[in-house]
Amino acid sequence: MTAARLLLAALIVALALPAAALTRDQSAALDARLSAFEAAVRTSDYAVMVDVMPPRILEGLAAQTGTSVDRWKASFQSMLRQSFEEATLLEFSMTPERATTGATGDGIEYALIPTKTQIVMNAVGRIESSAHTLALFDGGRWYLMRLGDPAQMAELRRAYPGFAAVDLPQGTMTFLD
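The opening residue of the sequence shown carries number 189 in this note's numbering; numbering runs sequentially from there.
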């Protein structure tokens, strides 16, 4: 068999393998992280909402704005607080039982969790967002990031280049009123 045929055969076998399964400990840690995040969203705990963001994303965003990670987080918490004051959360749900899991080529394990949010914006009306929350395992911890638009995905791929080869779902936003 030629080298090209061997490479093609290896590729076919690799594509046929199931997605990376999480260990029991990883699954339990992810469930705990998701529960804490859902509680933070419901109680407007902005510090928790920001602390679940992937560290490389935080570092990149801080660098882009010329500030420290701590200052960027404080600024983002303030922005979240202001946004939540202008909206009423009607629904926030993640369905981890429908998550798909995998690992990037450089070994970052992840889960894509369907997420639905419905809010009422004072100036706009009722809005429903259907997207995915990306949970990624970095440095022994789970971090969360909402996937909804191309800018978020570009930032993710800049910070975690292994996601360039992962087909990430786009979100949708529907104005209901």
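All C-beta atoms in this analysis are idealised placements derived from N, C-alpha and C, irrespective of residue type, glycine included.
Quick one: what's residue i bridged to in DSSP?
{"i": "residue 331", "result": "324"}
{"i": "residue 299", "result": "289 and 323"}
{"i": "residue 305", "result": "280 and 317"}
{"i": "residue 231", "result": "BP columns for residue 231 are empty, so no partner."}
{"i": "residue 275", "result": "309"}
Would residue i be called buried (16 or more neighbouring beta carbons within 10 Å of its own) or exposed?
{"i": "residue 297", "result": "buried"}
{"i": "residue 363", "result": "exposed"}
{"i": "residue 242", "result": "buried"}
{"i": "residue 211", "result": "exposed"}
{"i": "residue 344", "result": "buried"}
Could you tell me the distance, in whole angstroms, from the CA atom of residue i to the CA atom of residue j?
{"i": "residue 340", "j": "residue 323", "result": "14 Å"}
{"i": "residue 361", "j": "residue 354", "result": "22 Å"}
{"i": "residue 365", "j": "residue 314", "result": "5 Å"}
{"i": "residue 352", "j": "residue 275", "result": "34 Å"}
{"i": "residue 347", "j": "residue 291", "result": "16 Å"}
{"i": "residue 293", "j": "residue 299", "result": "15 Å"}
{"i": "residue 255", "j": "residue 262", "result": "11 Å"}
{"i": "residue 317", "j": "residue 209", "result": "28 Å"}
{"i": "residue 196", "j": "residue 350", "result": "Low confidence applies here, because residue 196 scores a pLDDT of 33, under 50, leaving its location unreliable and the question unanswered by this model."}
{"i": "residue 230", "j": "residue 224", "result": "10 Å"}
Report, in whole angstroms, the separation of the C-beta atoms of residue i and residue j, which I expect to be a contact under 8 Å.
{"i": "residue 369", "j": "residue 320", "result": "Nothing can be reported for residue 369, as the shown portion of the chain is limited to 189 through 365."}
{"i": "residue 235", "j": "residue 265", "result": "6 Å"}
Check your understanding: Is the segment 238–254 touching the segment 280–291 in the sense that three or more CB pairs, one from each, lie closer than 8 Å?
Key -> Judged by pairs of C-beta atoms under 8 Å, the segment 280–291 does not touch the segment 238–254, as fewer than three such pairs exist.
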